[in-house]
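Asks: Got a structure for you, written out below as structure tokens; questions coming shortly.
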């Protein structure tokens, strides 16, 4: 198989048709079809079927596409690494973070690191937890921060953070009078939920199911940061990561948080490569991550009571 075939396949999977894929890639529709056909022959897989005049991916196509996306993440990181080497030389650190810590927390930690080493160059990579693990395992990142539900057999890990789930709501909401929000409080409220594959989302659903309660979900999103912004806009209330709430200083922007009971933890790990010695700069960066976490006040179960 060739890169062009994989790019054509990826475009068809994401765009939903060979015509739109051709427009996206800037090539002809027959060229896209030929590339996908060559990929099907070389892999000996049936990738698409015609159903009602539409091109429908097979289960084999979906499984292959997951691997293609992982491969493309690697290619993108290689290109970014090559560009960094051209500009800064072979030195510098690469920190890979999942979004819950990459959007607000990591910039604060990098600032702390830079205060100790003004000559240090850091590349911040924000990606899903599995991609973060793959970057660290392959040497494309020196340090990773990821959710704890991933397979960590290929990397070295250290517990980093346990942040409680909190209920966020706009100022003046009726639930601001509650010391703690329970599942029963969510009934009847427009609810902003994490994506269905999120571990915390699944735990919330089990709690509601066990209690015989139903809630009205109005928006789904992958990120606690977005949940907080939506709640700030008055779209609804949601369950978010306390680290995100604190690191982004949502309390100063008018968003109110209350502890959620029963306690649901968001846990994160620090990842480093196996059988690879850490440089002094890497150790300084890891120390900056810990110091920043401690400064924000997240890291132990008591944090839920301090909101």
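Residue numbers (the working numbering): 1 to 307. Don't be surprised by glycine CBs; every beta carbon is placed ideally from N, CA and C.
Rounding to the nearest angstrom, what Cα-Cα distance links residue 252 and residue 246 in this structure?
Replies: 10 Å
Asks: Are residue 98 and residue 132 close, meaning C-beta to C-beta below 7 Å?
Replies: yes
Asks: For residue 161, list the residues DSSP reports as bridge partners.
Replies: 268
Asks: How should residue 62 be labelled, buried or exposed, when 16 other C-beta atoms within 10 angstroms of its C-beta is the threshold for buried?
Replies: exposed
Asks: Label residue 238 either buried or exposed according to how many other C-beta atoms from any shown protein chain fall within 10 Å of its C-beta, with 16 as the threshold for buried.
Replies: buried
Asks: Per DSSP, residue 273 is paired with what?
Replies: 155
Asks: Please name the residue in 180, 117 and 68 whose C-alpha comes closest to that of residue 287.
Replies: 117
Asks: For residue 167, does the three-state DSSP call read helix, strand or coil?
Replies: Residue 167 carries a strand assignment under DSSP once its states are collapsed to helix, strand and coil.
Asks: Within 10 angstroms of the Cβ of residue 200, are there 16 or more other Cβ atoms? Answer buried if so, exposed if not.
Replies: buried
Asks: Can you tell me where the alpha helix (DSSP H) with residue 101 in it begins and where it stops?
Replies: 99 to 102
Asks: Would you call the CB atoms of residue 248 and residue 104 closer than 7 Å?
Replies: Yes, the Cβ-Cβ distance between residue 248 and residue 104 is below 7 Å.
Asks: Could you tell me whether the region 152 to 163 touches the region 254 to 274, where touching means 3 or more Cβ pairs closer than 8 Å?
Replies: yes
Asks: Could you check how far apart the C-beta atoms of residue 181 and residue 175 are, in whole angstroms? I think they sit under 8 Å.
Replies: 6 Å
Asks: Taking all protein chains shown into account, decide if residue 258 is buried (16 or more other Cβ within 10 angstroms of its Cβ) or exposed.
Replies: buried
Asks: For the beta strand (DSSP E) that residue 194 lies in, which residues bound it at each end?
Replies: 190 to 194
Asks: With burial defined as no fewer than 16 other Cβ atoms inside 10 Å of the residue's Cβ, what is the status of residue 210: buried or exposed?
Replies: Burial call: exposed.
Asks: Run through the DSSP bridge pairs and tell me what residue 220 is partnered with.
Replies: 193
Asks: Rounded to whole angstroms, how far is the Cβ of residue 35 from the Cβ of residue 4, which I believe are closer than 8 Å?
Replies: Beta-carbon to beta-carbon, residue 35 and residue 4 are separated by about 6 Å, close enough to satisfy the 8 Å threshold.
Asks: Quick one: grab the DSSP three-state call for residue 206.
Replies: Reduced to three states, the DSSP call for residue 206 is helix.
Asks: To which residues of the same chain is residue 27 closer than 7 Å at the C-beta, ignoring the five residues directly before and after it?
Replies: none
Asks: Taking DSSP as the reference, what is the three-state secondary structure of residue 50?
Replies: strand
Asks: From this set, 241, 279 and 139, which residue's C-alpha is nearest residue 309's C-alpha?
Replies: Given a span of 1 to 307 for the chain in the structure shown, any question on residue 309 remains unanswerable.
Asks: Thinking just about the alpha-carbon of each residue, which of 281, 75 and 208 is nearest to the one in residue 261?
Replies: 208
Asks: For the ligand FAD, any of its heavy atoms closer than 6 Å to the Cβ of residue 76?
Replies: Only the bare structure without any ligand can be found here, which leaves the ligand FAD out of the picture.
Asks: Under 7 Å between the Cβ atoms of residue 155 and residue 137?
Replies: Yes; because the gap between Cβ atoms is below 7 Å, this pair is in contact.
Asks: Nearest to residue 291 by CA position, among 264, 130, 40 and 112, is which residue?
Replies: 112
Asks: So is residue 173 buried or exposed if we call it buried at 16+ other beta carbons inside 10 Å?
Replies: Under this definition residue 173 is a buried residue.
Asks: Is the beta carbon of residue 141 closer than 7 Å to that of residue 96?
Replies: yes
Asks: Which value, in whole angstroms, describes the spacing of the CA atoms of residue 233 and residue 276?
Replies: 46 Å
Asks: Output the distance between the C-alpha atoms of residue 170 and residue 2, rounded to the nearest integer angstrom.
Replies: Their backbone Cα atoms lie some 51 Å apart in a straight line.
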